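Accompanying notes for the structure given below.
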Amino acid sequence: RDRLAMTRNVVRSPRREIRGWVVTTSIVAALAHIVASPRNCAASAGCRAAHEEVWHALNRYAACALTSAFALEVASLRLTYRSTKPLIGIIEGIEATYVPSALLSATFLFLILENICIGFLPLAHAAAPGVGLELDRPVFTVVYLEWLVNVPILLVLVGKCALGRNLAELSRPLVVTNVYIILSWSAFFFNSLMARWGLVLASFVMYAWSSKEMIGWVRSFQKAARKDLPSRELRANLVGLLIGSFAVYGVVYLLAIGGRISSTHEAMAYICLNIGVKLALLISFIGIRSMQLYDLVVNLLVNVDMPLDRQIAVVDSSFESTLCAPPAPEGGTGTMMSPPLFW
């Protein structure tokens, strides 16, 4: 009975964490929308003219290309599940290997929806007069909404799936990241220079703090993970990839709100960054999976003359330290520090 209660608590915990992320983000977004009171782009002649000059065909092309990547990742996930289904129950923790592909598929899906909305629908808000190069510069709110969904998924992919951090450890930087995304969006709609640049400054301070917390994930991972863990360095470098990518986003944002680049160039930069970051993570996780498989095969070959139960134990230790299951402590036997995500 105690065991069952512990299992239920483990299952509920991730749901509580995710529910907290969603509720906090929704409350902050609702308050920001009320305070900023953004105008619809369609109600402003200047915003409509600037919006029409944006090359929306690029979003349509991106949606088509991303659909191919999404279909490929879904097909890979389906085939992986079918091929490993007989091993469920034999190899402990193998279900966790499906999670990164599922999360990456979700990021591609949301990115496709974003590009469809921008490419085919006139969805934008008009910035406050004097912001940017154009009169009533268009602000693509759909892009910020996509970030509010996909950035937490990326943080879970890196923090939980690659580095084995628990969701409670991810919560603070994840929520702070979503808050500064909302603040950076709302800054476009304030006439007061002090209020506008105060929000921008607050956003970058929050970015610096959340980056420091993410670096802490790497330190914790390096202390806990085995020295021979497959793709150990690659996993740690994924944090640098995210922090560096977010910094580039910040530069583009500063150039846009400071009036140094047009809304067309801003939109093109965001398209390239959005696609590039997701593809980089996709390639990285393909590499991690490949190295994990190589390690598994080597373990099987080395122990081929040993009894079957010993072989299974070796496979267990290999898979328990894999994607979305926390790595074993240094010198450990592969025992998980906490159950895989969502199980």
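Per my numbering, residue 62 is the first one in the sequence shown, and the count goes up by one each step. Beta carbons: idealized from backbone N, C-alpha and C, even for Gly. It should be emphasised that the depicted structure is a prediction, and the values quoted were computed from it without experimental measurement.
By the CB criterion at 8 Å, Leu165 and Phe307 fall outside the cutoff.
Every alpha helix (DSSP H) of 4 residues or more that sits fully in the stretch 239-301 is shown, in chain order, as 254-285. Annotation: Gly320 is outside any alpha helix (DSSP H) and is labelled neither H nor E by DSSP. In this structure Ile304 is not in contact with Met329, their Cβ atoms being roughly 23 Å apart against a cut-off of 8 Å. In the displayed model, Asn176 falls within a helix according to three-state DSSP. The beta-bridge partner set that DSSP reports for Pro199 consists of Ala187. Nearest to Leu119 by alpha-carbon distance, out of Ile173, Lys146 and Ile242, is Ile173. Taking the Cα positions, Ile177 is about 43 Å away from Ala285.
In the structure shown, Arg77 falls within a helical segment according to DSSP collapsed to helix, strand and coil. Under the rule that a run must span 4 or more residues, the alpha helix (DSSP H) segments found entirely inside the stretch 94-151 read 106-114 and 118-145. Nearest in C-alpha terms to Gly220, of all of Ala167, Ser232 and Val210, is Ser232. For Gly220, the three-state secondary structure derived from DSSP is helix. Taking a 10 Å sphere around the C-beta of Cys125, we find fewer than 16 other C-beta atoms and assign the residue as exposed.
With a beta-carbon spacing of about 28 Å, Ala223 and Leu244 fall beyond the 8 Å limit used to define contacts. Looking at the backbone, the Cα of Pro199 and that of Ala103 are separated by about 10 Å.
Considering only Asn211, Ala187 and Ser351, the residue with the shortest C-alpha distance to Arg293 is Ser351. Taking 8 Å as the cut-off, the Cβ atoms of Asn252 and Ala187 do not count as close. Gly193 sits in coil when the DSSP states are folded into three classes, being neither helix nor strand. With contacts defined by Cβ atoms closer than 8 Å, Phe249 and Val192 form a contacting pair. The alpha-carbon of Arg257 is positioned some 29 Å away from that of Leu302. Rounded to whole angstroms, the Cβ separation of Phe201 and Ala185 is 5 Å, and the two are in contact under 8 Å.
Ranked by Cα distance from His117, the first of Arg280, Asn101 and Ser324 is Ser324. Excluding sequence positions up to five before and after Pro213, its CB lies within less than 7 Å of the CB of Trp82, Leu235 and Asn239, all in the same chain and listed in chain order.
Apart from the 5 residues on each side of it in sequence, Ala167 sits with its Cβ closer than 7 Å to the Cβ of Ile214 in its chain, given in chain order. Put simply, of Glu113, Leu209, His326 and Glu175 the residue whose alpha carbon is nearest the alpha carbon of Val84 is Leu209.
Only buried fits Lys339, as 16 or more other CB atoms lie within 10 angstroms of its CB. Here Glu175 is not near Glu195, since their CB atoms are 8 Å or more apart. The straight-line gap separating the alpha-carbon atoms of Gln353 and Val135 is approximately 20 Å. Of Leu334, Trp270 and Leu133, the smallest CA-CA separation from Asn211 is found for Leu334.
In the three-state reduction of the DSSP assignment, Arg233 falls in the helix class.
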